[in-house]
Structures are given as C-alpha cells and as structure tokens.
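As they're listed, the protein sequences go chains A and B.
Under the working numbering, the letters of the first sequence match residues 1134 to 1236, in that order.
Under the working numbering, the letters of the second sequence match residues -19 to 280, in that order.
Glycine included, each C-beta is placed from N, C-alpha and C at the ideal position.
All figures in this text were calculated on a predicted structure; none of them were measured in a lab.
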Amino acid sequence: MERPLVVKFKRPDSIRDYPCGAFRVGTLVQENSGWRVFRPVIDTGKCIKCLRCFLVCPDGVIDKSGEDLEIDYRFCKGCGVCAYECKVGAIVMMREGDDGNAR
Amino acid sequence: MDEKMVTNAGDLTNTEFFYGHRACAGCGGSLALRLAMKVLGPRIFVAIPANCMSATSFLYPQVSFSVNAMISPFPATGAVLSGIEAGARALGIRDHHVVGFAGDGGTADIGIQALSGAIDRGDRIIYVCYDNEAYMNTGIQKSGLTPYGSRTTTTPAGKNIPGAVGRKKDMFGIVAAHGIKYAATASIGYPEDYLRKISKAAMCKTTSYIHVLAPCSTGWGFPAEETVDIGREAVDCGLWYLAEYEKGDFILNRKPKEFSSISEYLKRQARFRHLGEKEIEEITVGRDEKWKKIMKNWRV
C-alpha cells in the first residue's frame, strides 16, 4: 500500500522549539480510525475494479497500486460513500468489533 | 507541466496530496480538494482561506497537505494566489500550478473583491470555489450562496421566514461577466466531469475559476454515505447545472432529459424538511426560470 506513514512526534520542550511561520507539510502524527463505527470491507471476488470507490472516497484511503484494491484502515472514517456508490455491491459495511453483522 | 486531460479514475495518480485530514466523515469539500490536487499533481502551491478545509488540515503538528500549502486571510484568497504566482515567476519556477480553495462564503461574500481583482490581473492561477451553501466551518450560517428555503442558524425556519430568503447568488455569471478565459461549474456528484474541468483549467494560461457543488452531510442533514448521490441529484433535479464559460460562450455540459423530483431532493435533507407545498412551488418556478434562460442563451 502506498499511503503516508504516521510519524512519532516529540512535543516541544519550550516555546523556542515551536516552528515559527512554516512547518513541514505532510506530517501525520495521529490516525483517524477511532472515528469509525462501520468498517468497509471489499469482497475482492465481486470487485470489478471500476475504481469508483477510489474516485469518490473523501479521505483517499482506497489504494489502487496493488493487485486488488486495499483500504487504509488507519485513516478510514467509515462514512460509507464507497459502499453506497459501488455498482456491484462488492463493499459491505461491517460494525466494528462485531464481525458477523453487516449493515 | 503535465498537460494531459484527466477524465476518469484510471488516469488519476495513486498518490494522495491531501491525507489524514479531520473533516467530517463523508465530507464533500474534502473530496473536491482531494480530486483537484490529484489532477494538478505534486508541483502545486495551495492557498486556503478560513474554511473547513484549513480548520481540519492544519492542526499542528498534523499537516494533511503533502504539497506547499498555506492559510490565507479570509478575504484575500485571490490576492494571495496572485502573489504566490508572482513569487514563483520571480524565482524562475515554471512547472507549477497555483491553486486556491475557498468556500462559498470565502468566494461570494468575503473574498469576492480579491477574486475580482485576480481575474482582472489575469495571473495564471486556478480558483476553486467549493460550494456547500453556508458557512459550515463556524456552525452553518447563511452565506450569499445559500439557496432559498434553507434552514441555517442565522435563518431559522419558523412562522416568519421559511429559512433563507432570497436566491443563491449567480457566482458563475458574476465571474463570467469579468470576461474570464475559463470558468466552469461542477458537482462532486459527477466526478469525471469535475476532473475534466480541473485539467482544462490547468491548461489555461490565465486565471480560471471552477465552482464545485460540495454537499455537506453535517450542515445539510443527510446520512454521510449519500454525499456523492446528493451532489448528483442536485444536478438531476435542475437546481444545479454543469456548465462552462469559454471564449465568451456559455456551454451547458449536461442537459437532463427530464428533471427528477425537486421535492424528493429537498426532503432528503434536514435543512429543507420544513418546507411546505408553497415554498417548493416557489423553488420550482425559480428553477424553470433559470433553465428557460439557459436554453435560450447558452450553447446546449
């Protein structure tokens, strides 16, 4: 998967350590996975790789670089746009921590 | 500079330039930003005034942009973009794009003067207005682009008013009246059309303007997963239109054979749910008037 890594961030010890003006772009220190109630799961057998989910994901967590589409669960907020838009019904929303129940 | 037309998901790069932001789940605005930046590529300078996207992506130490990005003063997006472009030119940088993402309030109310000035100067910048039809960042206040009948915190629906009174400002027409080289309207409900318009704007040698409708599940009151569908239905029912302004001509890109039901579109959203027959009739009349003008004067 080609998605940015989360880095360890050391809190500044004093005010002098805070950046003045510009700060390094693309710094990710925290995941968004805790937001999620439902988790999208791709059925790779049904998936026809039309890339619709990749196109409409507001968070860009669907990666198309591999053989199958992959979801970066670190940053997926579980909004369900991908499952709603999937034309072949290859994505189901599963309740977190309760693997049996699809939405 | 990559001057290839991007028209579908297959053409898009897998790299994300806007990642790990804290926008609400199913945010339409973040999708508009994400897609535009993927088309324009890594060599871009981004300026964003106060809006949801700056509030959710510059959270020290978390920075969701992996390209040069800055927060501009609220009314100054156009001026800041011109300044960045001038700076890049002075440094001899040529293979770049300068793009600004302002909300509807930051474009039609607060930033309209700077936008007007930027179009007048004609610098090579791309101005994207992502329109979620109210000041969502500060808690859903009415803006100049809030449509008639929409309930916001400053236009509460009740006995005296049916939500916002007055029509949505015709921002596309205002920009076109400047004699801009390229302007377009889009919706995230039709992402391929939006991608094509962004890549067309990227080829433009002067200022270009894209107005993209970006539904907001929090402010409009619909389930998060329907964001893209609501954006599509807004176009299908005729309350929003996909058009371009190029070389002095208005061109309609999508002409629905038959409009889908306006009341169905309105009833899906909590901000319109209080509307009665009379108000819906008024909205329908407004739509038909607009489309009469479109069919008469625009290239269809």
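What are the boundary residues of the alpha helix (DSSP H) that B/P171 is part of?
For B/P171, the uninterrupted alpha helix (DSSP H) segment begins and ends at 171 to 183.
Whose Cβ in chain B lies nearer than 7 Å to the Cβ of A/E1229?
Simply none; closest approach about 13 Å.
To test your reading of the DSSP string, which unbroken beta strand (DSSP E) runs of 3 or more residues are found completely within the region 37 to 104 of chain B?
Runs of the beta strand (DSSP E) inside the region 37 to 104 of chain B: 48 to 51, 77 to 82.
Hey, does A/K1179 have any beta-carbon neighbour from chain B nearer than 8 Å?
Output row for A/K1179: interface = no.
Which partner residues of B/S123 appear in the DSSP bridge assignment?
BP columns for B/S123 are empty, so no partner.
Beta-carbon proximity list for B/N117, same chain, < 6 Å, skipping 5 on both sides
Cβ within range, chain order: N31, C32, A35.
In the DSSP assignment, find the beta strand (DSSP E) that holds A/M1226 and state where it starts and stops.
Unbroken beta strand (DSSP E) run through A/M1226: 1224 to 1228.
Put B/R279 into one of helix, strand or coil per three-state DSSP.
Of the three classes helix, strand and coil, the one that applies to B/R279 here is strand, per DSSP.
Report the CB separation of A/A1216 from A/I1224 in whole angstroms; it is logged as a contact under 8 Å.
The beta carbons of A/A1216 and A/I1224 sit about 4 Å from each other, so the pair counts as a contact at 8 Å.
Going residue by residue through the region 1148 to 1222 of chain A, where are the continuous alpha helix (DSSP H) segments of at least 4 residues, counting only ones entirely within it?
Listed in chain order, the complete alpha helix (DSSP H) runs (minimum 4 residues) inside the region 1148 to 1222 of chain A are 1185 to 1189, 1214 to 1218.
As assigned by DSSP and simplified to three states, the class of B/F152
Here B/F152 sits in helix by DSSP.
Whole-angstrom C-beta distance between B/N112 and B/G6, which should lie under 8 Å:
Contact between B/G6 and B/N112 does not hold, since the beta-carbon distance rounds to 12 Å and is not under 8 Å.
Check B/M(-19) in the structure and name its three-state DSSP category.
Caution is warranted here: a pLDDT of 46 is assigned to B/M(-19), below 50, making its placement in the model unreliable, and the coordinate value is therefore given only provisionally. Coil, per DSSP.
Just how far apart, CA to CA, sit B/A137 and B/H254?
The alpha-carbon atoms of B/A137 and B/H254 are separated by roughly 7 Å.
Counting C-beta neighbours from all protein chains within 10 Å, is the total for B/M(-19) 16 or more, i.e. buried, or is it exposed?
Residue placement at B/M(-19) cannot be trusted, given a pLDDT of 46 that sits under 50; the coordinates are not used to answer.
Chain-order list of residues whose beta-carbon lies under 8 Å from that of B/K185 (same chain, five-residue window excluded)
Same-chain partners within the cutoff: R104, K161.
Interface residues of chain B around A/V1189 at Cβ under 7 Å?
Residues of chain B passing the Cβ test: L11, P171, V208.
Please report the distance separating the alpha-carbon of B/E205 from that of A/V1221.
Going by the C-alpha atoms only, they are around 16 Å apart.
How big is the Cα-Cα spacing for B/V19 and B/G119?
Roughly 31 Å between the two C-alpha positions.
Can you tell me whether DSSP reads B/L(-8) as helix, strand or coil?
In the structure shown, B/L(-8) falls within a coil segment according to DSSP collapsed to helix, strand and coil.
Classify B/E239 as helix, strand or coil using the three-state DSSP reduction.
The displayed chain sequence assigns Phe, not Glu, to residue 239 of chain B. Reduced to three states, the DSSP call for B/F239 is coil.
In terms of residue numbering, what span does the beta strand (DSSP E) encompassing B/L15 cover?
First-last for B/L15: 8 to 20, but that is the alpha helix (DSSP H), not the beta strand (DSSP E).
Buried versus exposed, by CB contacts within 10 Å (16 or more), B/S52
Buried, because 16 or more other Cβ atoms sit within 10 Å of the Cβ of B/S52.
According to the Cβ coordinates, are A/L1161 and B/G9 closer than 8 Å?
No, the pair does not count as a contact, with Cβ atoms beyond the cut-off.
Buried/exposed call for B/P236, threshold 16 Cβ in 10 Å
Burial call: exposed.
Where B/F(-2) sits in the DSSP three-state scheme
The answer is strand: DSSP assigns B/F(-2) an E or B state.
Starting from B/R14, find everything on chain A with Cβ-Cβ shorter than 9 Å and list it in chain order.
By Cβ distance, chain A contributes C1190, P1191, D1192, G1193.
Is it right to say B/A166 is buried, meaning 16 or more other beta carbons lie within 10 angstroms of its own, or is it exposed?
When all chains shown are included, B/A166 counts as buried.
By the three-class DSSP mapping on this structure, what secondary structure does B/I160 have?
B/I160 carries a coil assignment under DSSP once its states are collapsed to helix, strand and coil.
Measure the C-alpha to C-alpha separation of B/E(-4) and B/A163 and round it to an integer number of angstroms.
Inter-residue distance for B/E(-4) and B/A163 is about 26 Å (C-alpha atoms, whole angstroms).
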